[in-house]
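Participant: Quick note: the sequence shown uses the UniProt record's numbering, first residue 1, plus one each step. Using N, Cα and C, we set each Cβ at its ideal position, and we do this for glycine too.
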Amino acid sequence: MTSIQKNRIRNIKEEIMEKKALLIYNPKNLYYLCGIEGFGAVGLLTSKKFTLFLNENDYELAADKNPDHEVRVEIYKKGIAKDTIKEGLKKGKISEIFVDNIYGEALRNLENAIGRRIEICDVVERARMLKTDDEIENIRKACEIARKGIELARKIYLSEKRISEHNLAAEVEYFMKKQGSEGTFEEGILLACGKNAAHIHAKPSDKIIDGAILVDLGAKFGNYFSDFSRTFTERAEDNEVKKHAEFIENLEKICIDKIYDGMKISEISKFADKKIEENGFKLLHSLGHGVGLDVHELPNINNNSETEFVEHMVFTIEPGIYKANKFGIRFEDTCVIKNGKAKIL
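#1: Check this for me: beta carbons of G280 and E311, under 9 angstroms apart or not?
#2: Around the Cβ of I328, are there at least 16 other Cβ atoms within 10 angstroms (buried) or fewer (exposed)?
#3: From which residue to which residue does the beta strand (DSSP E) around R72 run?
#4: I'd like to know whether the C-beta atoms of L158 and P204 end up nearer to each other than 9 angstroms.
#5: Please check if any C-beta of chain B sits within less than 9 angstroms of the C-beta of A212.
#6: Give me, in chain order, the residues of the same chain whose beta-carbon lies closer than 7 angstroms to that of Q5; leave out the 5 immediate sequence neighbours on both sides.
#7: Given a threshold of 16 other Cβ atoms within 10 Å of its Cβ, counted over all protein chains shown, does R108 qualify as buried or as exposed?
#8: Excluding the five sequence neighbours on either side, which residues of its own chain have a C-beta within less than 8 angstroms of the C-beta of E252, listed in chain order?
#9: For the candidate residues Y260, G288 and K326, whose alpha-carbon lies nearest to that of D273?
#10: Can you list, in chain order, the residues of its chain with a C-beta nearer than 6 angstroms to that of R8? Leave out the 5 residues immediately preceding and following it.
#11: Fully enclosed by the segment 180 to 222, which beta strand (DSSP E) runs are 3 residues long or longer?
#12: Can you give, in chain order, each stretch of the alpha helix (DSSP H) that sits fully within the segment 220 to 250 and has at least 4 residues?
#13: Taking the Cβ atom as the reference point for each residue, do S95 and K19 lie within a distance shorter than 9 angstroms?
#14: Applying the criterion that 16 or more other CB atoms from any shown protein chain within 10 Å of the CB defines a buried residue, is E56 buried or exposed?
#15: Compute the distance between the beta-carbons of V291 and L217, then report whether it is under 9 angstroms.
#16: Give the straight-line distance between the Cα atoms of K28 and C121, rounded to the nearest whole angstrom.
#17: Given E60, which residues of its chain have a CB within under 7 angstroms of its CB, disregarding the five upstream and five downstream residues?
#18: Do I256 and C335 have their CB atoms nearer than 9 angstroms?
#19: So within the segment 272 to 298, which uninterrupted beta strand (DSSP E) runs reach at least 3 residues, ignoring any that extend past its ends?
#20: F309 to K141, Cα distance in whole Å?
#21: Per DSSP, K343 is paired with what?
#22: Assign T46 to buried or exposed, taking buried as 16 or more other Cβ atoms, counted over all protein chains shown, within 10 Å of its Cβ.
#23: Does DSSP put I36 in a helix, a strand or coil?
#24: Starting from the N-terminal side, write out each stretch of the beta strand (DSSP E) that is 3 residues or longer and does not extend beyond the segment 110 to 193.
#25: Across which residues does DSSP place N300 in a beta bridge pair?
#26: I need the straight-line Cα distance from Y322 to K13, nearest angstrom please.
#27: Enumerate in chain order the residues of its own chain whose CB-to-CB distance from A113 is below 8 angstroms, with the five nearest sequence positions on each side excluded.
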């Protein structure tokens with residue numbers, strides 16, 4: 001376990017405070033805190049200690065990564081985390097319980113099993129918003145791979161007139177893996193042409209590519225993601241599409257140039273909204289999102305955000321416009337706040 005991970009655990013302990021317990025089910029949160037991912041792993045964090053419950057197969061791996069016992073590791077048995085909390089409640093060591101990643105019926109079942117109301121807590125997700133230099137370097141390398149993937153997509157788009165959306169996406173994904181990507185989005189590369197691109201998260205189809213094309217992809221390096229979108233219009237016959245694409249591409253650059261350390265996230269989101277509405281459209285999704293261990297994480301770049309941009313925050317900016325049965329246009333880059341300003345990674 002690294003000194004950075006030890007500090008992360010200590011910082012979260014301070015946030016939790018006395019007599020509070022946080023159940024951690026999100027595997028990315030566990031990896032962030034202790035560098036360990038195990039199938040079905042559960043973490044229990046209090047102000048006093050951090051206990052990680054793992055299956056037998058992952059137990060030895062955890063011991064290798066935890067030589068100084070900063071984290072207490074136990075073999076997972078059904079109900080052990082709940083029983084540990086119930087024992088803490090009984091002894092008065094725990095008074096409030098939080099959980100990071102359970103909702104709906106699963107949350108109600110957990111509350112019934114423990115016999116106490118449980119609150120959702122995003123303290124780890126909020127800590128993940130600020131990246132270390134090592135995290136930023138991993139994301140930068142993921143950006144390099146993704147950028148090469150974007151370049152290949154454009155090259156094939158221009159040169160192969162009878163390729164389908166599906167086959168183009170497959171070629172690009174395979175290429176990025178050869179370049180060192182550990183994977184892409186859970187749903188794969190988003191790639192669509194013409195009216196198919198009007199669907200915000202359009203998946204590739206067997207349609208032969210013609211007209212403009214929207215490509216949304218990311219690479220993964222050292223467990224960290226990148227995220228990019230481009231719209232290519234060289235084969236579009238409709239000048240309206242080309243005009244709108246130029247507007248969105250320029251708007252993305254303007255937004256990135258305006259962002260600075262301490263700026264309210266809602267301010268840049270409202271600015272983009274206004275510019276898009278002035279051109280007769282509405283921004284149908286958030287202007288962007290955080291990027292890291294997940295391709296979509298905090299902060300949310302939208303009009304309702306109360307968060308500010310701060311140094312070492314990594315996020316995307318992705319303005320887009322969509323016209324049903326006509327086209328979809330989006331430009332997106334992964335950025336970081338460095339030396340007070342937003343920079344494209």
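Facilitator: The answer reads as follows:
#1: The sequence position of residue 280 within the sequence shown is 280, counting from 1. The sequence position of residue 311 within the sequence shown is 311, counting from 1. In this structure, E311 does not lie closer than 9 angstroms to G280 by Cβ.
#2: Here residue 328 refers to the residue found at position 328 when the sequence shown is read from its first residue. It should be noted that the sequence gives Gly, not Ile, for residue 328. The residue in question, G328, is buried, as its Cβ has 16 or more Cβ neighbours within 10 Å.
#3: The residue given as residue 72 occupies position 72 in the sequence shown. Here the beta strand (DSSP E) through R72 covers R72 to I75.
#4: On the sequence shown, residue 158 is found 158 positions in, with the first residue counted as 1. On the sequence shown, residue 204 is found 204 positions in, with the first residue counted as 1. The answer is no: Cβ separation not under 9 angstroms.
#5: Checking the listed chains, one finds no chain B in this structure; it contains a single protein chain.
#6: The residue labelled residue 5 in the question sits at position 5 within the sequence shown. Cβ-Cβ distances below 7 angstroms link Q5 to L33, C34 and G35 in the same chain, with the five nearest sequence neighbours on each side left out; the list follows chain order.
#7: Your numbering for residue 108 matches position 108 in the sequence shown. Label assigned to R108: exposed.
#8: Here residue 252 refers to the residue found at position 252 when the sequence shown is read from its first residue. Hits under 8 angstroms: I317, E318, P319, F331, E332 and D333.
#9: Position 273 of the sequence shown holds residue 273. Looking only at Y260, G288 and K326, the smallest Cα-Cα distance to D273 is reached by G288.
#10: The sequence position of residue 8 within the sequence shown is 8, counting from 1. Once the five neighbours on either side are set aside, the close Cβ partners of R8 are L33.
#11: DSSP runs (the beta strand (DSSP E)) wholly in the segment 180 to 222: 190 to 193 and 213 to 217.
#12: Runs of the alpha helix (DSSP H) inside the segment 220 to 250: none found.
#13: Within the sequence shown, the letter at position 95 stands for residue 95. Within the sequence shown, the letter at position 19 stands for residue 19. For S95 and K19, yes; Cβs fall inside 9 angstroms.
#14: As a working note, residue 56 is residue 56 in the sequence shown. Around the beta carbon of E56, a 10 Å sphere encloses fewer than 16 other beta carbons of the protein chains shown; the residue is thus reported as exposed.
#15: In the sequence shown, residue 291 corresponds to position 291, counting from 1. In the sequence shown, residue 217 corresponds to position 217, counting from 1. Judged by their CB atoms, V291 and L217 are not nearer to each other than the 9 angstroms cut-off.
#16: The residue given as residue 28 occupies position 28 in the sequence shown. The residue given as residue 121 occupies position 121 in the sequence shown. Rounded to whole angstroms, the gap between the alpha carbons of K28 and C121 is 15 angstroms.
#17: Taking the first residue of the sequence shown as position 1, residue 60 is located at position 60. Non-local beta-carbon contacts of E60 in its own chain, meaning distances under 7 angstroms to residues more than five positions away in sequence, are absent.
#18: For the purposes of this step, residue 256 is taken as residue 256 along the sequence shown, with counting starting at 1. For the purposes of this step, residue 335 is taken as residue 335 along the sequence shown, with counting starting at 1. Yes, Cβ-Cβ distance for I256 and C335 is below 9 angstroms.
#19: 288 to 290, all fully within the segment 272 to 298.
#20: Walking along the sequence shown from the start, residue 309 turns up at place 309. Walking along the sequence shown from the start, residue 141 turns up at place 141. Rounded to whole angstroms, F309 to K141 spans 22 angstroms at the Cα level.
#21: Counting from 1 along the sequence shown, the entry for residue 343 is found at position 343. DSSP, once it has assigned bridges, lists V336 as partnering K343.
#22: By 1-based counting over the sequence shown, the position of residue 46 is 46. With 16 or more other Cβ atoms within 10 Å, it is buried.
#23: Counting from one through the sequence shown, the residue named residue 36 turns up at place 36. In the structure shown, I36 sits in coil (DSSP, three-state: anything other than H, G, I, E or B).
#24: Fully enclosed beta strand (DSSP E) runs of no fewer than 3 residues occupy 118 to 120 and 190 to 193 of the segment 110 to 193, in order along the chain.
#25: Residue numbering aside, residue 300 sits at position 300 when the sequence shown is read from its first letter. Residue pairing from DSSP places N300 in a beta bridge opposite H289.
#26: Walking along the sequence shown from the start, residue 322 turns up at place 322. Walking along the sequence shown from the start, residue 13 turns up at place 13. C-alpha separation (whole angstroms): 45 angstroms.
#27: Against the sequence shown, residue 113 aligns to sequence position 113. Only G79 and K82 meet the Cβ criterion.
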